[in-house]
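Numbering (the UniProt record's numbering), first residue to last: 1 to 619.
In this text, a Cβ means the ideal position worked out from N, Cα and C, and glycines have one as well.
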Amino acid sequence: MICILLVAGHGTLLESHIKNDQSGLYSFLEDVPKALLPGVGGKKILDFWWKAVNTRQLFSEVYLVTNADKYKHYERWATANDFPVENIINDGTTTYETRLGAVADLELAISSKKLNDDIMLIAADMLCADQNFDMAQVIKFFQLKGGELAIYYEMEESESTSSRGIVEVCPDTHRIKHFFEKPQLGETSSRLASVVFYCFQQESLHTLETFLNQFPDTADRVLGKYMEWLINTAKVPVYGMKLPTGFQLIGQVGLPDYTKWLAHYSTLKNEPKVKAITCRAYARIGIIGNPSDGYFGKTISMSIANFWAEVTISESKNLVLVPHPLNDPTEFGSLLDLYYISRKEGYLGGLRLLQATCKKFYQFCSEKGIALSKQNFTLKYNVNIPRQVGLAGSSAIVSATLKCLMKFYNLTDDDMPISVRPNFILDVEKEELFITAGLQDRVVQVYEGLVYMDFNRSLMDERGFGNYVPMDIQCAPPFWLAYLRDPSDSGVIHSNVRQRWLNGDPDVIEAMKLFAELTDKARDSMEQKNWHDLAELMNKNLELRRSIFTDACLGPGNLKMIEIAKQHGSAVKLPGSGGAIIGLCFDLKKLSELKKAYQEAGFVFCQIVPYCPGNTGGQ
């Protein structure tokens, strides 16, 4: 791939302002080209771009296109910065009136150097807010999409859309649907600004000559007009990639623009490092309908404040994932100690969840055209959700990690919509770690609170996610929870039901329909606060589950907890894949006896505390 740095513009307005400035503060900048003015951190603007592209791993050659008036300035710069002087292209113009236009300058570079390769084109006199973005990620996305690429950024509130090329981008394909060159007010609601930062395929370069033949007027030969023609008229597929930064000093700008944006970006650069960001994701209980979430069914689930996973991210020199001292032990008191810990806890701690989430996050951003800044970080986690009892501890760690990464890299809801995040979390677990799971846990941990979920097949096939409806937390009755002190792997509970369902087993298919019906009835009961009806529906949910999964799959621990609940007249069901049960007991005396019975039998018992979104605590 070839890189062309374009600095052929005649910055007459800025030069005039500097020359006529009465303060004398800028006299040393007289006649200096815009690209060689001091940028963020005191380095020249061009220095930043040269550093960003000066690598043989990315580009076979880098060329610089300038004009005759400023050629000697760039020749001197090239000598001092190890830039090959023979790669400077002089377009022969000395005034703004005799300029060729940026499109003609690009064509000149291609024809004079006989270039026959993909090209990255950058206006190297732009001031860039964040000087840490990953150029390799830009090239990777360009190659992935197999079309032309235009970089864009989200404009600050103070910026006017009439000063930029504005793009409307398809959120699914990332193809630019429409390009507006300096639109009038009301033409588009988009605030995504395209700048002169493009990647062109070798086979598309012929369109430059076509455009120049159609538009002989120099005023039309600007790259914004070319892109507008290429996208809107020629219908050439052009894709958009968002950079998490801003760009200024584009085109004809004055001294006030230069001083304003240089000060603004310098302030941002000199701000202290981002403080540590801590995010939580809470355990959940499946109230009704589970496990039909994995079978296009319906469920109601609630996040609970009793247990949570907490992840902290902070900027660091290297990328570090910190092992948890209990969940990811690397030191042991003895070989016997290692034996007992490994036998009880297994070998799969939370560190793999952090690593898989980071890997998947980078992959998501690369595929969605979101370039990340080259910031490293340290991630550490803590979790008090009981292991292997079906309370969604693994997905809570992934959910909290995703929250941290989004905040650290300033991703917005537009970048990763809330409806998409549960799928992302599930993909981390299923595709990276081969964990058997459904969407329910991830939905409620993203939306938080009390959530009704419909995973209707047509919805899932059409848009990739279901209908997720937050419910009033006051609709939730006072649940209790009991769980095993020493559980085994909760994933075993799924047994062969999945395969039977895939094979079209009528009993399993009918059961999943019944789970969905129970969920709709439970929603009505909860909204009416008819909790006695809800209790009956929970019992039916349990019996339906037992008929499909069989008691042999539930195991003796789960069956014992169920038996104790029934002996005390309490409604009961499994809130997850096994190892815990929830229930409703409206008689306070019986509830007290129930608690004592569980504790005497060696189980852990507690009252559920609903988690309501908006509460404090790591949010």
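Cα-Cα, which of 91, 84, 48 is closest to residue 67? 91
Just how far apart, CA to CA, sit residue 561 and residue 583? 11 Å
Host alpha helix (DSSP H) of residue 279 (start-end): Premise fails: residue 279 lies in the beta strand (DSSP E), 277-288, not in any alpha helix (DSSP H).
I think residue 88 touches residue 78, with their Cβ atoms under 8 Å apart; what is that distance to the nearest whole Å? 6 Å
Would you list the one or two residues that DSSP bridges to residue 607? 480
How many angstroms separate the CA atom of residue 591 from the CA atom of residue 540? 21 Å
Assign residue 239 to one of two classes, buried (16 or more other C-beta atoms within 10 Å of its C-beta) or exposed (fewer than that). buried
Contacts around residue 601, its chain only, beta-carbon distance under 6 Å, and the 5 residues preceding and following it disregarded: none
Since residue 224 is in the alpha helix (DSSP H), which residue starts that stretch and which ends it? 223-228
Take every Cβ of the region 330-342, pair it with every Cβ of the region 395-408, and state whether three or more of those distances are shorter than 8 Å. no
Please state whether the Cβ-Cβ distance between residue 37 and residue 282 is less than 8 Å. no
Residue of 228, 472, 579 minimising C-alpha distance to residue 559: 579
Buried or exposed (CB count within 10 angstroms, at least 16 for buried), residue 470: exposed
Do the region 135-155 and the region 175-194 make contact, defined as three or more Cβ pairs closer than 8 Å? yes
In the DSSP assignment, the beta strand (DSSP E) including residue 39 goes from what residue to what residue? Segment: none, residue 39 is in no beta strand (DSSP E) and carries neither H nor E.
Would you identify the three-state DSSP class for residue 240, choosing helix, strand or coil? strand
Alpha helix (DSSP H) containing residue 520: first to last residue? 506-527
Alpha carbon to alpha carbon, how far is residue 608 from residue 307? 10 Å
Select from 62, 599, 377, 214 the residue whose C-alpha is nearest the C-alpha of residue 278. 377
Cα-Cα separation between residue 292 and residue 59, rounded to whole angstroms: 52 Å
In three-state DSSP terms, what is residue 9? coil
Residue 114 (DSSP reduced to helix, strand or coil): coil
Per DSSP, which one or two residues make a beta bridge with residue 310? 280, 382
Report the CB separation of residue 402 from residue 455 in whole angstroms; it is logged as a contact under 8 Å. About 21 Å; that fails the 8 Å criterion.
Which of helix, strand or coil DSSP assigns to residue 316: coil
Taking residue 458 as part of the beta strand (DSSP E), name the residues at either end of that continuous run. It is not in any beta strand (DSSP E) - residue 458 instead sits in the alpha helix (DSSP H) that spans 457-463.
Pairs of beta-carbons, one from the region 520-535 and one from the region 309-318, closer than 8 Å: are there three or more? no
Given this structure, state the Cα-to-Cα distance separating residue 69 from residue 93, to the nearest angstrom. 7 Å
Going by Cα to Cα distance, which pick from 100, 343, 64 is closest to residue 124? 64
Using only the alpha-carbon positions, how far apart do residue 412 and residue 245 sit? 13 Å
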